[in-house]
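Residue numbers (UniProt numbering): 1 to 374.
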């Protein structure tokens, strides 16, 4: 009960703090509106994919690879070029080196097609994946017809208006608009500023000497620490819930069909952000130093997470590798994948990464807090 009383005190204090509420709720909403409007044309549905380089290998001889030859001709109009590589290991190395968007293996021996995608060219590779799916479906249908009525195969094969490029994965409704992109990235950005709420919350208790009064009260240090952590977590979750609700119902940001998955990822990020703020409050010797350290951490994490601009624009394999060190990169990727690809595979890793970082910092901070004296 005493822990909840401390948490309640911090929640009320922060909700009454007009400056904090404006920064944590109104500021991200304004950013989403401004950036969503400013970049609406740049991030419109009409996306120029540019030149798409594809490398492929054919194992054995058969009808699938022969049918693929006609598809290659059709795709020339879409600036897709194909390079044949007999050696599979060389082709895989070329994909790793980001020389190609994707690598296709036609295995006529085992009757299978494999597709290897390079994450750096995710959109281009997704384009090819969609076309390849359409190609395989059409080939399978023709193969089934050939068994029943071989005479009509000639008419099917000479059909000219085959729309290989009309695929579900590239439906315009499934692409994030500028307001959707910045709705997600500005929300994950403002969550990181919860580190300021937590950091200054701890620091102000020392400055106002209220922490000393708590220490000489019957309260245990662990109760004080736990109560304050719960308070910071709760108030940030309330603030982010306001941003999510306003974004979804007023600005019409697309948060996907599974809002619980998005909320779980953001909750894990909140734990990490609050933990960072508390940890830095024990390290920094002044509030000015703490502010500088936290701002630097936030800016670096958000940049590497693609919060300011999509990292694909830099076309740098080195930057893509470094970006994986940022928990925000995992958070943003998890949300974009779940919302626009219905792929939830990155949700759990993103949650675990943020929670592990948060819990480690929280544990270290709790030890430091126990050592504090009046």
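C-beta: ideal position from N, C-alpha, C; glycine also.
Item	Value
Please state if the CB of residue 253 and the CB of residue 343 are separated by a distance shorter than 8 Å.	no
What does a CB cutoff of less than 7 Å around residue 329 pick up in its chain, not counting 5 residues either side in sequence?	304, 305, 306, 323
By a C-beta neighbour count over all protein chains shown, 10 Å radius and 16 as the cutoff for buried, is residue 132 buried or exposed?	buried
So for residue 169, helix, strand or coil by DSSP?	Confidence is the limiting factor: at residue 169 the pLDDT is only 36, short of 50, which leaves the residue's position unreliable, though a coordinate-based value still follows. Three-state DSSP puts residue 169 in a helix.
Rounded to whole angstroms, what's the CA-CA distance from residue 299 to residue 193? Just pull it up for me.	10 Å
Have a look at the DSSP bridge pairing and note the partners of residue 56.	84, 104
What does residue 115 pair with, by DSSP beta-bridge criteria?	104
Quick one: what's got a C-beta closer than 7 Å to residue 248's C-beta in the same chain, skipping five residues either side?	255
Kindly indicate which residue of 291, 233, 273 has the alpha-carbon position closest to the one of residue 204.	291
Can you have a look at residue 5 and say buried or exposed, based on whether 16 or more other CB atoms are within 10 angstroms of its CB?	exposed
Can you list, in chain order, the stretches of the alpha helix (DSSP H) that have 4 or more residues and sit fully within the region 316-342?	317-323, 327-340
Going by C-alpha to C-alpha distance, which of 338, 364, 81, 337 sits closest to residue 52?	81
For the alpha helix (DSSP H) that contains residue 227, what are its first and last residues?	221-246
Span of the alpha helix (DSSP H) holding residue 201?	194-207
Relative to the C-alpha of residue 436, which residue among 345, 349, 369, 269 is closest?	In the structure displayed, the chain extends from 1 to 374; residue 436 sits before or after that span and is not available.
Using three-state DSSP, classify residue 10 as helix, strand or coil.	helix
Could you tell me the alpha carbon to alpha carbon distance between residue 134 and residue 71, rounded to whole angstroms?	11 Å
If contacts are defined as beta-carbon pairs under 8 Å, then residue 361 and residue 264 qualify, I think. What distance do you get, rounded to the angstrom?	Not confirmed; about 20 Å, so no contact.
Return the CA-CA distance between residue 30 and residue 286, expressed in angstroms with no decimal places.	31 Å
Determine, using beta-carbon pairs with one atom in the region 51-69 and one in the region 81-92, whether at least three such pairs fall under 8 Å.	yes
Please list, in chain order, all residues of the same chain as residue 109 whose beta carbon is under 8 Å from its beta carbon, the five residues on each side excluded.	59, 60
Please report how far the alpha carbon of residue 24 lies from the alpha carbon of residue 190, in whole angstroms.	6 Å
Would you kindly work out how many angstroms separate the C-alpha atoms of residue 170 and residue 234, rounded to a whole number?	Here residue 170 scores only 35 on pLDDT, less than 50, and its place in the model should not be relied on; the value that follows carries that caveat. Taking the straight line joining both Cα atoms gives about 39 Å.
Relative to the C-alpha of residue 372, which residue among 88, 296, 334, 281 is closest?	281
Would you check if there are 3 or more beta carbon pairs closer than 8 Å linking the region 85-100 to the region 34-41?	no
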